[in-house]
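Per this note's numbering, the very first residue in the sequence shown carries number 409; after that it's consecutive.
Virtual Cβ for every residue (Gly too), placed ideally from N, Cα, C.
Worksheet: the structure to be examined is printed underneath.
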Amino acid sequence: MSTKVQKCRNLSILTSSTTLNAIVSNQRLLHNGPDTIEELLDRHVVKKEKSLDDDEEELLNRQRLTSNRREALHLYRDILRATRFFIWPDSRGVLWRDVLRENARKEFEDARFEKDPEIVTRLLIGGRDAVESALEKLAEKQRQQIEKERGSGDFSDEEVE
């Protein structure tokens, strides 16, 4: 794996084309990730404008693959972290945490060999939105529960006075 990374680095260093330099300089670093959905779509769904030679094309394809893989792993880890908060059992007595983790694993396995960058991007965006909305709903329910408990506590204090 490290030899492949080194080969990619050497290839990018040797390439002196201004086209590749312009493309690489305009892209954000992979570990920073996209800030918006538009950035994510621009990075992965933009159509080719110019014809690149084989080495440049291979390098760009590897960067896209690495980027998608990293983003998918990041999303999967975020899902696992988010499921920690779902500690109550469902109707069968199985913890929701385990159900959610099992479903996430199944979804990722089903999409494992997807090659179309547009579909992969849509899956990543959909997964990110699902995690965010689930956490927002959980936070809202917890806020409501806290307010309800505080509300019932305030009434008991007023009755005592």
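- Counting only residues of its own chain and dropping the five nearest sequence neighbours on each side, residue 479 has a CB closer than 6 Å to the CB of 532.
- Contact between the segment 501-510 and the segment 552-560 is absent: fewer than three C-beta pairs spanning the two stretches fall below 8 Å.
- Only residues of its own chain outside the window of five on either side were considered, and among them 533 have a CB closer than 8 Å to the CB of residue 445, listed in chain order.
- With respect to the 8 Å criterion, residue 476 and residue 528 are classified as neighbours on the basis of their beta carbons.
- A residue is called buried once 16 or more other Cβ atoms fall within 10 Å of its Cβ, and residue 487 is buried on that count.
- Distance from residue 494 to residue 508 at the Cβ level is roughly 6 Å; contact confirmed, criterion being Cβ atoms closer than 8 Å.
- Close CB contacts of residue 542 within its chain, under the 7 Å cut and outside five residues either way in sequence, are with 490 (chain order).
- The residue from 545, 526 and 537 with its alpha-carbon nearest to that of residue 450 is 526.
- Per DSSP, the continuous alpha helix (DSSP H) segment holding residue 508 begins and ends at 504-518.
- The shortest C-alpha to C-alpha distance from residue 481 to any of 470, 513, 496 and 548 is the one to 513.
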